[in-house]
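Visitor:
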Amino acid sequence: MNYSSLLLQIENQLLSLNKKGLKYINIGALPDFELKSVIDGLEEMISIENGISEGTCKTKNKPSEKSEKYEESPKENTEIGINPEPADITDQNKVLNLKQQNITQTFAQIAKPQDSAKKINSLSELFEKYKACQKCALGKTRKNLVFGRGLSNPPVMFIGEGPGADEDTQGEPFVGRAGRLLTKMISAIGIERDDVYITNIVKCRPPDNRNPNPAEISCCLPIIKQQIEILNPKLIVTLGNIPTKTLIPDVPGITKARGKIKQYEKWTVLPTFHPSYLLRNRSAMPQAWEDFKKITEFTFNSTQG
Ligand code: SF4
0 MNYSSLLLQI
10 ENQLLSLNKK
20 GLKYINIGAL
30 PDFELKSVID
40 GLEEMISIEN
50 GISEGTCKTK
60 NKPSEKSEKY
70 EESPKENTEI
80 GINPEPADIT
90 DQNKVLNLKQ
100 QNITQTFAQI
110 AKPQDSAKKI
120 NSLSELFEKY
130 KACQKCALGK
140 TRKNLVFGRG
150 LSNPPVMFIG
160 EGPGADEDTQ
170 GEPFVGRAGR
180 LLTKMISAIG
190 IERDDVYITN
200 IVKCRPPDNR
210 NPNPAEISCC
220 LPIIKQQIEI
230 LNPKLIVTLG
240 NIPTKTLIPD
250 VPGITKARGK
260 IKQYEKWTVL
270 PTFHPSYLLR
280 NRSAMPQAWE
290 DFKKITEFTF
300 NSTQG
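In terms of numbering that gives the first Met the number 0, the sequence shown has 280 at position 281, counting the first letter as 1, and numbering is strictly consecutive.
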């Protein structure tokens, strides 16, 4: 069986499970994802494997198309690169025999970055390399690629999920409501926003503020990895589930992981809530504040509060 057929089998099995009511899946190397996003990611990888978009990571991610897909007939699926379900896949016994563990391992393997990143030594070089990036479909809908902003040798680096509407318009990370809250929280621990580095896991805005899907994260992963290498911060603060689990796949959800120091390769990581979550859940602010107070301990060897 070739790789593409294997992916297609997994996708069909996931679709069957989705019809049976499974909504979320833990795919091991990446965060818990809505199952439909995972299926879209698989669809993209099948396209790549089939050479439809060789050298790119194109995605089909219009939400309207995505929701319609599950109502489509097998014939319509053919038009978007998915063959009609083979008889053996629709067999209920085979669906029931699906081992989630197998999916986890397979998806973790295929979600590895597809770009063998060549060593780049400065942010400006890195930006030049990716400024016109079209490796995934987010590149088509973005207004601006939001690369990151801040010091080139920052004590602390903040990583969010992806740009929102304001960031997309302005080309800067965290400039909307959530960004203003982040700025206030940074100031409250005695650090200026200009004295840190702020970026996101994916550099282009996912439409309708949805989460980036696994394939988009995988496409964009070489950029954040190289940014971390170049910036070499004393501390990385991950904001929310997606950046946390992208860097450290085996952590629990952010509610449990927050405030606990983790390690990503040689870097110290402090997970905390995303400011957007805090805007919706003011009761989580005291916990976030506790986390933020730890930032100064790990960056300036002093506590403030
Ligand atoms: S999200 Fe990342 S991989 Fe996708 S087009 Fe933008 S820069 Fe490229």
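Yeah, the Cβ is synthetic: ideal placement off N, Cα and C, and Gly gets one too.
(1) Please classify Ala-287 as buried or exposed, where buried requires at least 16 neighbouring CB atoms within 10 angstroms.
(2) Using C-beta distances below 8 angstroms, list every residue in its chain close to Ala-86, excluding the 5 sequence neighbours before and after it, in chain order.
(3) Report yes if the C-beta of Met-122 is less than 8 angstroms from at least one heavy atom of ligand 1; otherwise report no.
(4) Return the chain-ordered list of same chain residues with a C-beta closer than 6 angstroms to the C-beta of Glu-71, the five sequence neighbours on each side being excluded.
(5) Just list the residues that DSSP pairs Pro-270 with in beta bridges.
(6) Between which two residues does the alpha helix (DSSP H) containing Gln-226 stretch?
(7) How big is the Cα-Cα spacing for Tyr-196 and Leu-125?
(8) Among all the DSSP beta bridges, which residues are the ones paired with Phe-157?
(9) Once you ignore the five residues that flank Gly-50 on each side, which residues in its own chain have a CB closer than 7 angstroms to its CB?
(10) Check the DSSP bridge columns for Arg-148 and list the partner residues they point to.
(11) How do the stretch 222-236 and the stretch 151-161 stand: do at least 3 beta-carbon pairs fall below 8 angstroms, yes or no?
(12) Going by the C-beta, is Arg-209 closer than 8 angstroms to any heavy atom of ligand 1?
(13) Check whether the Cβ atoms of Gly-159 and Asn-199 sit closer than 9 angstroms, and answer yes or no.
(14) For Lys-259, does the three-state DSSP call read helix, strand or coil?
(15) At which residues does the alpha helix (DSSP H) containing Arg-179 begin and terminate?
(16) Leaving out the 5 sequence neighbours to the left and right, which residues in its chain are closer than 8 angstroms to Asp-194 when beta-carbon positions are compared?
(17) Tell whether a beta-carbon distance below 9 angstroms holds between Asp-214 and Cys-132.
(18) Just to confirm my understanding: we take Glu-171, look at its own chain, exclude 5 residues before and 5 after, and list those with CB closer than 7 angstroms. What are they?
(19) Relative to the alpha-carbon of Thr-168, which residue among Glu-296, Pro-285, Lys-142 and Leu-181 has its alpha-carbon at the smallest distance?
(20) Just the Cα atoms here: how many angstroms apart are Lys-127 and Gly-161?
(21) Using only CA atoms, which one of Phe-272, Thr-271 and Thr-267 lies nearest to Phe-297?
(22) Does any heavy atom of ligand 1 sit closer than 8 angstroms to the C-beta of Gln-226?
(23) Using a strict less-than 5 angstroms threshold between each residue's beta carbon and the heavy atoms of ligand 1, what residues do you get?
Guide: Here's the rundown:
(1) The residue labelled residue 287 in the question sits at position 288 within the sequence shown. Buried, by the Cβ-count rule.
(2) Against the sequence shown, residue 86 aligns to sequence position 87. Interpretation of Ala-86 is limited by its pLDDT of 45, a score under 50 that renders its predicted location unreliable; no figure is taken from the coordinates.
(3) Walking along the sequence shown from the start, residue 122 turns up at place 123. The identity of residue 122 in the sequence shown is Leu, whereas the question assumes Met. Checking every heavy atom of ligand 1 against the Cβ of Leu-122, none is found closer than 8 angstroms.
(4) Within the sequence shown, numbered from 1, the residue matching residue 71 stands at position 72. Low confidence applies here, because Glu-71 scores a pLDDT of 29, under 50, leaving its location unreliable; read the following figure in that light. Cβ neighbours of Glu-71 beyond the five flanking positions: none.
(5) Numbered from 1 along the sequence shown, position 271 holds the residue referred to as residue 270. Note: Pro-270 sits in a beta bridge opposite Thr-237.
(6) The residue you call residue 226 lines up with position 227 of the sequence shown. Per DSSP, the continuous alpha helix (DSSP H) segment holding Gln-226 begins and ends at 213-230.
(7) Against the sequence shown, residue 196 aligns to sequence position 197. Against the sequence shown, residue 125 aligns to sequence position 126. Roughly 15 angstroms separates the two Cα atoms.
(8) Translated into positions along the sequence shown, residue 157 becomes position 158. Paired residues: Ile-197 and Val-236.
(9) Counting from one through the sequence shown, the residue named residue 50 turns up at place 51. Reliability fails at Gly-50, whose pLDDT of 47 lies under 50, so the model's placement of it is uncertain and no value is given.
(10) As a working mapping, residue 148 is identified with position 149 in the sequence shown. In the DSSP output, where bridge partners are listed per residue, Arg-148 has Ile-197.
(11) yes
(12) For the purposes of this step, residue 209 is taken as the residue at position 210 of the sequence shown. No.
(13) Working through the sequence shown from its first residue, we reach residue 159 at position 160. Working through the sequence shown from its first residue, we reach residue 199 at position 200. For Gly-159 and Asn-199, yes; Cβs fall inside 9 angstroms.
(14) Position 260 of the sequence shown holds residue 259. Under the three-state reduction of DSSP output, Lys-259 falls in the coil class, being neither helix nor strand.
(15) Here the question's residue 179 lines up with position 180 in the sequence shown. Here the alpha helix (DSSP H) through Arg-179 covers 176-187.
(16) Locating residue 194 in the sequence shown gives position 195, where the first residue counts as 1. Non-local C-beta neighbours of Asp-194 in its own chain, meaning closer than 8 angstroms and more than five positions away in sequence, comprise Gly-149, Leu-150, Pro-153 and Pro-154, ordered along the chain.
(17) Residue 214 sits at position 215 when you count from the first residue of the sequence shown. Residue 132 sits at position 133 when you count from the first residue of the sequence shown. One detail in the question is off: residue 214 reads as Ala in this sequence, not Asp. No; because the gap between Cβ atoms is not below 9 angstroms, this pair is not in contact.
(18) By one-based count along the sequence shown, residue 171 stands at place 172. Taken in chain order, the residues that qualify are Val-145 and Arg-148.
(19) On the sequence shown, residue 168 is found 169 positions in, with the first residue counted as 1. Checked all of Glu-296, Pro-285, Lys-142 and Leu-181; the closest Cα to Thr-168 is Lys-142.
(20) Within the sequence shown, the letter at position 128 stands for residue 127. Within the sequence shown, the letter at position 162 stands for residue 161. Checking the sequence shown, residue 127 turns out to be Glu, not Lys. One C-alpha to the other measures close to 20 angstroms.
(21) Your numbering for residue 297 matches position 298 in the sequence shown. The shortest C-alpha separation from Phe-297 is found at Thr-267.
(22) Numbered from its first residue, the sequence shown carries residue 226 at position 227. No, the beta carbon of Gln-226 sits no closer than 8 angstroms to any heavy atom of ligand 1.
(23) Cys-132, Lys-134, Cys-135, Leu-137, Gly-138, Val-201, Lys-202, Cys-203, Cys-218 and Cys-219
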